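K.L.:
Residue numbers (the working numbering): 104 to 611. Structure below; questions to follow.
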Ligand code: MV4
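Structure representation (structure tokens):
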């Protein structure tokens, strides 16, 4: 077994992996950026090495620096966590070349699943239902028009390199296709350095349900049941649960068997997740495969009784899976809340800063995976996920009861968090009745705030207003300054307002 594992990550997931290492008698090496010197993962590790400036490109994304720490510390394996380098095939390959075991799938499997068109091609002959559409990138507008007409409007344009909705465009009619294709292509090019776009049929009001698998390096694959992830805000998951309230034993078996076929087609090893869209008639369609340990893995751990990080490490060490599909039982119900440093009463604005008081819940059926402590300053440089609070019970009602109770015990002082939002969600009758379509959160926010905060236009209007406010000052908000009275006059006015704004900044 490995003697020492380097964790190429930070925050709660680094702490989660360090705990697994210690449970298995393995030493854990942390890496940290300048702003993470006092972070919890650094304190919990056996060794910690600085790797550079706060910008991820200088630290947590810097392959050379991380492999240098692995060599100097004598680590024999690297766990990438999620995000950062976790799905980067170049990193997996560089680890292999450096003689350090990457705890995850092979670079080849990652490359295949990193492109949605390649993934669709790979599963085409594996008896896997996927969303109707093209499995190759679009070469021309004419080709897009033909494919879209064949599939039938409305259609979705998606980035092959995408995920999380970036580069995604809904197209209602043929005359909108040209501009949508151009917009999708340039967004994909900017976000991923890859402008490849393909077409999918639109699934109306889908649910997002994903299936966890484990695959060893000897060809054994098991599925560990599904997670319901339909509660999202701007493509960010907010609450996840296992099992899904709409999946019965038969559907679980069918989805599981499809998932195993996807993994086999990819030559997949280690832990992975296959995402499905599920339509109103409970038909499920393969969407993509995530080649990493996911944020929401704890709900699967609680309902299967398995430790996914232990198993990842054992698989990477060449062990066989300790169980077969018949050994896997789903027992009870688990629900996870993602605790973010953001203000739900202020359009989810990030809220970094010092945690002055921390009262953390515990008790029956409560698991808390956290990267924060009292006195720690949340840096503004990374994803604002602070912790995950997971409730477990024999059934969904008990899990909700325990989670509600734990949320009422939770207090984070000094910064804003979204804990209050979860209290609202968990007492909502639709949530309690498991009516979890993807519009739920939007409706809840509308009920609370009178308008939709997930409507992208709201965000654009707010950004434009903030820009005008910053340049023109508060009087602009009252509309007392006309901008149309001659271009020279308006121009000089704007210049002096710029000067005023600069003066105000200097006097702060
Ligand atoms: C879709 C879809 C409808 N039809 N694909 C993809 C990225 C993910 N974050 C949202 N995605 C969607 N892909 C087809 N063919 C609708 C969504 C979608 C969604 C899916 C599940 C849960 C919440 C969602 C919110 C917006 C859009």
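All C-beta atoms in this analysis are idealised placements derived from N, C-alpha and C, irrespective of residue type, glycine included. Since the model is a prediction, treat every value here as computed from it, not as a measurement.
1. Kindly indicate the opening and closing residues of the alpha helix (DSSP H) around residue 287.
2. Pick out whichever of 163, 166 and 123 has its Cα sitting closest to the Cα of residue 147.
3. Considering only residues of the same chain and omitting the five flanking positions on each side of residue 217, which have a CB-CB separation below 8 Å?
4. From residue 619 to residue 572, what does the alpha carbon distance come to, in whole angstroms?
5. Between residue 459 and residue 400, what straight-line distance do the alpha-carbon atoms span, to the nearest angstrom?
6. Run the proximity test for residue 541: is its beta-carbon closer than 6 Å to any non-hydrogen atom belonging to the ligand MV4?
7. Measure the alpha-carbon distance for residue 519 versus residue 241 and round it to whole angstroms.
8. Where does residue 124 sit, in a helix, a strand or coil, going by DSSP?
9. Taking 6 Å as the limit between beta carbons, can you name the residues of its chain near residue 563, skipping five residues before and five after?
10. For residue 325, does the three-state DSSP call read helix, strand or coil?
11. Around the Cβ of residue 588, are there at least 16 other Cβ atoms within 10 angstroms (buried) or fewer (exposed)?
12. Considering only the beta carbon of each residue, do residue 439 and residue 343 sit closer than 7 Å?
13. I need the straight-line Cα distance from residue 184 to residue 117, nearest angstrom please.
14. At what residues does the beta strand (DSSP E) containing residue 493 begin and finish?
15. If you count every other CB in all the chains shown that lies within 10 Å of the CB of residue 496, and 16 or more means buried, which is it?
16. Just reading off the beta strand (DSSP E) that residue 46 is part of, what are its end residues?
17. So is residue 267 buried or exposed if we call it buried at 16+ other beta carbons inside 10 Å?
18. Per DSSP, what kind of secondary structure is residue 585 in: helix, strand or coil?
19. Secondary structure at residue 429, three-state DSSP: helix, strand or coil?
20. Is it the case that the CB of residue 348 approaches a heavy atom of the ligand MV4 more closely than 6 Å?
21. When the Cα atoms are used, what is the spatial distance from residue 548 to residue 173?
22. Using only the alpha-carbon positions, how far apart do residue 326 and residue 429 sit?
23. Is residue 186 near the ligand MV4, with its Cβ less than 6 Å from a heavy atom?
24. Reducing DSSP to helix, strand and coil, say where residue 204 ends up.
25. DSSP three-state label for residue 525, please.
26. Identify whether residue 299 lies in helix, strand or coil by the three-state DSSP scheme.
27. Any chance the CB of residue 306 is under 6 Å from a heavy atom of the ligand MV4?
28. Using only the alpha-carbon positions, how far apart do residue 303 and residue 231 sit?
29. Quick one: give me the first and last residue of the alpha helix (DSSP H) that residue 511 is part of.
30. Mapping DSSP to helix, strand and coil, what is residue 140?
31. Using alpha carbons as the reference points, say which of 298, 469 and 152 lies closest to residue 219.
32. List, from N- to C-terminal side, the beta strand (DSSP E) runs of 3 residues or more that fit wholly inside the stretch 368-441.
33. Answer yes or no: the CB of residue 548 versus the heavy atoms of the ligand FAD, is any distance below 6 Å?
34. Looking at residue 487 and residue 453, is the spacing between their C-beta atoms short of 7 Å?
P.N.:
Taking the coordinates as given:
1. Residue 287 -> alpha helix (DSSP H) spans 280-295.
2. 123
3. 190, 192, 264 and 394
4. Since the displayed the chain opens at 104 and closes at 611, residue 619 lies outside it and no answer follows.
5. Cα to Cα, the separation comes out at about 29 Å.
6. yes
7. 44 Å
8. helix
9. None.
10. When DSSP states are grouped into helix, strand and coil, residue 325 belongs to the strand group.
11. Unreliable positioning characterises residue 588 in this predicted model, as indicated by a pLDDT of 42, which lies under 50. A coordinate reading is not provided.
12. Cβ atoms of residue 439 and residue 343: closer than 7 Å.
13. 7 Å
14. 488-496
15. buried
16. The chain is shown only over 104 to 611; residue 46 falls outside these bounds and no answer can be derived.
17. exposed
18. With a pLDDT of 42 at residue 585, under the threshold of 50, the modelled position of this residue cannot be trusted; read the value that follows with caution. When DSSP states are grouped into helix, strand and coil, residue 585 belongs to the coil group.
19. Of the three classes helix, strand and coil, the one that applies to residue 429 here is helix, per DSSP.
20. Residue 348 has its CB no nearer than 6 Å to any heavy atom of the ligand MV4.
21. 46 Å
22. Residue 326 and residue 429: Cα-Cα distance of roughly 10 Å.
23. Every heavy atom of the ligand MV4 is 6 Å or more from the Cβ of residue 186, so no.
24. In the structure shown, residue 204 sits in a strand (DSSP, three-state: E or B).
25. Reduced to three states, the DSSP call for residue 525 is helix.
26. coil
27. yes
28. 16 Å
29. Residue 511 -> alpha helix (DSSP H) spans 499-512.
30. coil
31. 298
32. 373-381 and 387-393
33. This structure lacks the ligand FAD; the ligands present are the ligand MV4.
34. yes
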